[in-house]
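Enquirer:
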Amino acid sequence: PTSSPVTMATSSPVAKPTSSPVTKPTSSPVAKPTSSPVAMPTSSPVATPTAGGPSVVVVGDNGTPSSAFPLKICQGDCDKDSDCEGSLKCFMRDGGEAVPGCSGGEDVASRADFCYDPMPTSSPVAMPSAGGPSVVVVGDNGTPSSAYPLKVCQGDCDKDSDCEGSLKCFMRDGGEAVPGCSGGESVASRADFCYNPMPTTSPVAMATSSPVAMATSSPV
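Going by my numbering, 65 is the number at position 56 of the sequence shown; the sequence numbering is gapless.
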């Protein structure tokens with residue numbers, strides 16, 4: 010036979026695997042978490058207390074005395090929202106935190122909880138106008154009946170239907186000024202008064218300076 014056919018294998022096939030496959034994981038994956046995610050809370054509270062609010066005061070505990078409950082704003086010690094008056098909420102504290110809308114929370118028992126307004130407004134919805142009528146209490150709980158429905162700046166009302174026409178009952182908790190009226194800060198802080206929610210500075214219908222239908226200068 011010729012010398013060209015051979016029985017020996019070429020050197021390219023090998024029985025040993027190459028060194029590239031490895032059984033150990035690479036050094037790039039890490040089991041340690043990165044430093045960027047954090048479980049720490051933010052440094053500022055969700056509700057920041059406003060400056061110059063009423064001072065916190067403990068007037069009762071666990072519903073005693075019953076005369077103190079429901080608690081008013083900045084009063085404690087509350088245990089649940091239903092311990093607080095109206096739409097107020099119980100601000101739960103663990104370490105002497107400041108109470109939103111109140112002052113002095115850092116100086117009382119660190120675990121005492123107080124009622125606060127979760128949605129305070131910086132100004133009344135309707136600003137009182139200067140020089141309005143003085144508020145006056147002319148009745149209470151519908152008595153005497155001759156005083157009802159109440160007129161503007163009159164009290165004490167408990168609901169809108171106690172007020173005349175389109176007037177509304179302005180509910181007060183702490184001696185707030187009554188929109189469109191004067192002297193509200195000087196009467197009983199819980200007395201409520203009728204007010205005009207949509208006051209106008211001039212009559213709705215203005216008189217014209219001349220008759221609507223003018224006479225012709227000559228007979229038709």
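Note that beta-carbon positions come from the ideal geometry of N, C-alpha and C, so glycine has one too.
Is DSSP giving SER64 helix, strand or coil here?
Expert: Taking the first residue of the sequence shown as 1, we reach residue 64 at position 55. In the structure shown, SER64 sits in a strand (DSSP, three-state: E or B).
Enquirer: DSSP has LYS98 in a bridge; who is on the other side?
Expert: Numbered from its first residue, the sequence shown carries residue 98 at position 89. DSSP lists TYR125 as partners of LYS98.
Enquirer: Kindly indicate which three-state DSSP category GLY85 falls into: helix, strand or coil?
Expert: Along the sequence shown, read from residue 1 onward, the residue named residue 85 stands at position 76. Note: GLY85 maps to strand in three-state DSSP.
Enquirer: Starting from CYS178, trace the beta strand (DSSP E) in both directions and tell me its first and last residue.
Expert: Taking the sequence shown and counting its residues from 1, the one referred to as residue 178 is at position 169. For CYS178, the enclosing beta strand (DSSP E) has its first and last residue at 177 to 179.
Enquirer: Considering TYR204, what are the terminal residues of the beta strand (DSSP E) in which it resides?
Expert: Within the sequence shown, the letter at position 195 stands for residue 204. Its beta strand (DSSP E) spans residues 202 to 204.
Enquirer: Within 10 angstroms of the Cβ of ARG181, are there 16 or more other Cβ atoms? Answer buried if so, exposed if not.
Expert: Along the sequence shown, one-based indexing puts residue 181 at 172. So ARG181 ends up on the buried side.
Enquirer: Check whether the Cβ atoms of PRO153 and CYS172 lie closer than 8 angstroms to each other.
Expert: For the purposes of this step, residue 153 is taken as residue 144 along the sequence shown, with counting starting at 1. For the purposes of this step, residue 172 is taken as residue 163 along the sequence shown, with counting starting at 1. Result no, Cβ atoms of PRO153 and CYS172 do not sit closer than 8 angstroms.
Enquirer: Going by the beta-carbon positions, is the gap between VAL144 and CYS190 smaller than 8 angstroms?
Expert: For the purposes of this step, residue 144 is identified with residue 135 of the sequence shown, where counting begins at 1. For the purposes of this step, residue 190 is identified with residue 181 of the sequence shown, where counting begins at 1. A contact, by the Cβ cut-off of 8 angstroms.
Enquirer: Can you find a CB in chain C that lies within less than 8 angstroms of the CB of ALA197?
Expert: Given the protein chain composition of this structure (a single chain), no chain C is represented.
Enquirer: Can you have a look at ASN71 and say buried or exposed, based on whether 16 or more other CB atoms are within 10 angstroms of its CB?
Expert: Reading the sequence shown from its first residue, position 62 is the one you call residue 71. That one is exposed.
Enquirer: Just how far apart, CA to CA, sit GLY148 and GLU115?
Expert: Your numbering for residue 148 matches position 139 in the sequence shown. Your numbering for residue 115 matches position 106 in the sequence shown. Straight-line measurement puts the Cα of GLU115 at about 42 angstroms from the Cα of GLY148.
Enquirer: Would ASP90 pass as a contact of CYS83 if the rule is Cβ separation under 8 angstroms?
Expert: Counted from its first residue, the sequence shown places residue 90 at position 81. Counted from its first residue, the sequence shown places residue 83 at position 74. No, Cβ-Cβ distance for ASP90 and CYS83 is not below 8 angstroms.
Enquirer: Here's the rule I'm using: 16 or more other beta-carbon atoms within 10 Å means buried, otherwise exposed. How should ARG199 be labelled?
Expert: Reading the sequence shown from its first residue, position 190 is the one you call residue 199. ARG199 comes out exposed.
Enquirer: According to the Cβ coordinates, are CYS111 and GLY141 closer than 8 angstroms?
Expert: Mapped onto the sequence shown, residue 111 falls at position 102. Mapped onto the sequence shown, residue 141 falls at position 132. Against a cut-off of 8 angstroms, the Cβ pair of GLY141 and CYS111 comes out as no contact.
Enquirer: I need the straight-line Cα distance from ASP126 to ASN205, nearest angstrom please.
Expert: Counting from one through the sequence shown, the residue named residue 126 turns up at place 117. Counting from one through the sequence shown, the residue named residue 205 turns up at place 196. Looking at the two C-alpha atoms, the distance is approximately 25 angstroms.
Enquirer: Measuring alpha carbon to alpha carbon, tell me which residue in VAL108, SER119, ASP201 is nearest PRO129.
Expert: Along the sequence shown, read from residue 1 onward, the residue named residue 129 stands at position 120. Ranking VAL108, SER119, ASP201 by Cα distance to PRO129 puts VAL108 first.
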